[in-house]
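Shown next, in structure tokens, is the structure this report addresses.
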Amino acid sequence: MSIFDTLVVSRRAPGVAQVTMSRPAVFNAFDETMIGELDAAFAELEADPTVRVIVLAGDGKHFSAGADLQWMQRASAASHEWNLADARRFAGMLARIEACAKPTVARVQGAALGGGVGLTCACDAAVAADNASFSVSEAKFGILPAVIGPYVTNAVGKRQAKWLALTTKRIDAAKALAIGLVQQVVPLEALDAAVDSTVQELLTGGPHAQTEIKQLFAQLQVGPITPEARELTAQTISRVRGTDEAREGFAAFLAKRPAHWIPSAT
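In terms of the numbering used here, the sequence shown opens at residue 312 and continues consecutively.
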């Protein structure tokens, strides 16, 4: 792995990498450097065949305060061209995380504000401590959650996402769970155990099947099931059923043994 200034990349368990945002003095607020490093770290881990699952975490008391205000202040004084290039880098980083071929889990404690909510929503799942709080806070600063908007909308639906953005209301972990922003809430002292449990569940699935799931679901829309959607699903399952991984999965189930992709520790 590359050496990073704002991140710590570690092995949480066999097959599991953790990317920890490490700017605790500013509550892991991100700037141009961290955006570039998050993009690079997820690209490298996605390409690493020894990594099955990626956990995104924040060092210290808080997950992420979102955008570094000094970075935003610089942006407010910069040219339109600079701002456009900068925003495209941010958009590309979130897309990198969301489109990662491997399952991703956000480990959230304390505050997740603005872009911190976006990072939570870009991951496939989020496990939160009961002290976590969330606010789509951009409007307080006279801007809007444009780049994170699609990820928040996908996570909680359009009406809830718009309500969060318009009010900038800070919601607690229980409310975040109720609207689908996170999938599990546990006491802070149980957070790592809950993340590990989620990771172990993910490790039982076939890695190629999980990549196919992410690619398929990225193309599905909420609403009527169109002929195009039916054909896409039929083409996908007919292709995947003939793979070596599918044959191994059925054989393992019938033989009542673990599939070969399941780490021996699970």
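Note that beta-carbon positions come from the ideal geometry of N, C-alpha and C, so glycine has one too.
In this text, all values refer to a predicted model and were calculated from it rather than measured experimentally.
As assigned by DSSP and simplified to three states, the class of residue i
i: G429; result: helix
i: R418; result: strand
i: Q532; result: coil
i: F564; result: helix
i: A388; result: coil
i: T577; result: Low local confidence applies: a pLDDT of 43 at T577 is under 50, so the model's placement there is unreliable, and no value is given.
i: A378; result: strand
i: A570; result: coil
i: A410; result: coil
i: L514; result: helix
N-terminal and C-terminal residue of the beta strand (DSSP E) that residue i is part of
i: V255; result: Since the first residue of the chain shown is 312 and the last is 577, residue 255 is not available in this structure.
i: V364; result: 364-369
C-beta contact flag for residue i and residue j at 8 Å
i: I467; j: L492; result: The residue asked about is misnamed: residue 467 is Val in this sequence, not Ile. Yes, these two residues count as a Cβ contact at 8 Å.
i: L514; j: P574; result: yes
i: A440; j: V497; result: yes
i: W340; j: R334; result: In the sequence as displayed, the identity of residue 340 is Ala instead of Trp. Yes, the Cβ-Cβ distance between A340 and R334 is below 8 Å.
i: E556; j: H519; result: yes
i: A443; j: A484; result: yes
i: V416; j: T509; result: yes
i: C411; j: N465; result: no
i: M312; j: L349; result: no
i: G429; j: H373; result: no
i: L318; j: A352; result: yes
Anticipated Cβ contact below 8 Å, residue i with residue j, distance rounded
i: T331; j: G377; result: Not quite, the Cβ-Cβ distance comes to about 17 Å (not below 8 Å), so this is no contact.
i: R400; j: I346; result: 6 Å
i: F445; j: R481; result: 7 Å
i: V438; j: Q494; result: 7 Å
Unbroken alpha helix (DSSP H) run spanning residue i, endpoints
i: A545; result: 538-551
Report task. Within the segment 427-509, note down every full beta strand (DSSP E) run reaching 3 residues or more, in order along the chain. Result -> Within the segment 427-509, the complete beta strand (DSSP E) runs of at least 3 residues are 436-440, 444-446, 495-497.
Report task. Within the segment 325-349, note down every full beta strand (DSSP E) run reaching 3 residues or more, in order along the chain. Result -> Secondary structure remark: continuous beta strand (DSSP E) runs of at least 3 residues inside the segment 325-349, in chain order: 327-332.
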